[in-house]
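Worksheet: the structure to be examined is printed underneath.
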Amino acid sequence: MSTSNHSRKRHIVKAITYRILGTIDTIILSWIITGNPLTGLKIGFTEVATKMFLYYLHERLWFKINLDKNGVMRESKKRHLAKTVTWRMVGTLDTMTLSWIITGSPLTGLKIGGVEVITKMALYYVHERIWYRINFGLDERSKNV
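Counted the way the working numbering counts, the sequence shown spans residues 33 to 177.
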């Protein structure tokens with residue numbers, strides 16, 4: 033199996049595992065902020081599809097821009113932090129938009145998005161560090177990592 037196929041499977045599984053964590057976080061935050069568990073569920077489950085697609089695209093982009101001249105992936109804590117920030121910007125805009133549409137209130141969308149910036153960045157960074165230690169989908173890992 034080619035490296036490309038391995039990496040695609042890795043990115044799909046990473047997207048699924050992060051989406052599970054992210055959806056639980058969104059449901060809980062939306063419930064707390066709106067006071068309505070049904071609204072929390074609507075927001076959380078609506079964003080599953082959009083976030084899975086956006087996360088996969090984000091992973092593919094970071095994979096392509098992070099190869100050295102020999103095609104080997106470079107890794108670092110700075111890279112994970114940069115991925116955390118860029119993903120959070122995309123993810124928060126998606127959550128704020130969906131929350132606004134579902135609740136009809138732009139202020140509620142801003143509140144949910146504002147709180148989740150903190151919780152999601154922490155979850156994403158931890159998720160990245162865990163996946164950094166997992167070899168699933170990697171043919172070989174650089175010894176300089």
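Think of the CB as a built atom: it goes at the ideal place given N, C-alpha and C, for glycine as much as any other residue.
Do you know offhand how far N176's Cα is from E107's? Within the sequence shown, the letter at position 144 stands for residue 176. Within the sequence shown, the letter at position 75 stands for residue 107. Any reading at N176 must be qualified, since the residue scores a pLDDT of 42, below 50, and its modelled position is unreliable; the value itself is stated next. The straight-line gap from Cα to Cα measures roughly 8 Å.
Residue of W63, H43 and R51 minimising C-alpha distance to T140: For the purposes of this step, residue 140 is identified with residue 108 of the sequence shown, where counting begins at 1. Closest in alpha carbon position to T140, among W63, H43 and R51, is W63.
Do W94 and K115 come within 7 Å of each other at the CB atom, strictly closer than that value? As a position in the sequence shown, residue 115 is number 83, starting the count at 1. As a position in the sequence shown, residue 94 is number 62, starting the count at 1. Yes. Within cutoff.
Just to confirm before moving on: does the CB-CB distance between I75 and I134 stay below 7 Å? To locate residue 75, count along the sequence shown from 1; it is residue 43. To locate residue 134, count along the sequence shown from 1; it is residue 102. Yes. Within cutoff.
Pop quiz: G72 and I59 are said to be a contact at Cβ under 8 Å. What is the actual Cβ separation, rounded to whole angstroms? Along the sequence shown, read from residue 1 onward, the residue named residue 72 stands at position 40. Along the sequence shown, read from residue 1 onward, the residue named residue 59 stands at position 27. Taking 8 Å as the upper bound for CB-CB distance, G72 and I59 are in contact here, some 5 Å apart.
With a threshold of 7 Å on Cβ separation, who are the neighbours of K83 within its own chain once the five nearest residues in sequence on each side are excluded? For the purposes of this step, residue 83 is identified with residue 51 of the sequence shown, where counting begins at 1. In chain order, R51, G54, G123 and D126 place their CB closer than 7 Å to the CB of K83, counting only its own chain and leaving out the 5 sequence neighbours on each side.
Using alpha carbons as the reference points, say which of V80, L130, L170 and A47 lies closest to L89. Taking the sequence shown and counting its residues from 1, one reaches residue 89 at position 57. Cα-wise, what sits closest to L89 is A47.
My assumption, with CB atoms under 8 Å, is that L142 sits in contact with T78. Please give the rounded CB distance. Here the question's residue 142 lines up with position 110 in the sequence shown. Here the question's residue 78 lines up with position 46 in the sequence shown. With 8 Å as the limit, L142 and T78 do not qualify as a contact, their Cβ atoms being about 17 Å apart.
In chain order, what residues of the same chain lie with their CB nearer than 8 Å to the CB of M153, ignoring the 5 residues before and after it? The residue given as residue 153 occupies position 121 in the sequence shown. The beta carbon of M153 sits closer than 8 Å to the beta carbons of T116, V117 and R120 from its chain, once the five residues preceding and following it are set aside; these are given in chain order.
Determine the direct distance from the alpha carbon of K96 to that of L86, and round the result to whole angstroms. The residue you call residue 86 lines up with position 54 of the sequence shown. The residue you call residue 96 lines up with position 64 of the sequence shown. The straight-line gap from Cα to Cα measures roughly 16 Å.
L170 to S39, Cα distance in whole Å? One-based indexing of the sequence shown puts residue 170 at position 138. One-based indexing of the sequence shown puts residue 39 at position 7. Inter-residue distance for L170 and S39 is about 6 Å (C-alpha atoms, whole angstroms).
Could you round the C-beta distance between K61 and E148 to whole angstroms and report it? I think they count as a contact, below 8 Å. Looking up residue 61 in the sequence shown gives position 29. Looking up residue 148 in the sequence shown gives position 116. Checking the displayed sequence, the identity of residue 61 turns out to be Leu instead of Lys. The Cβ separation is near 5 Å, so the contact holds.
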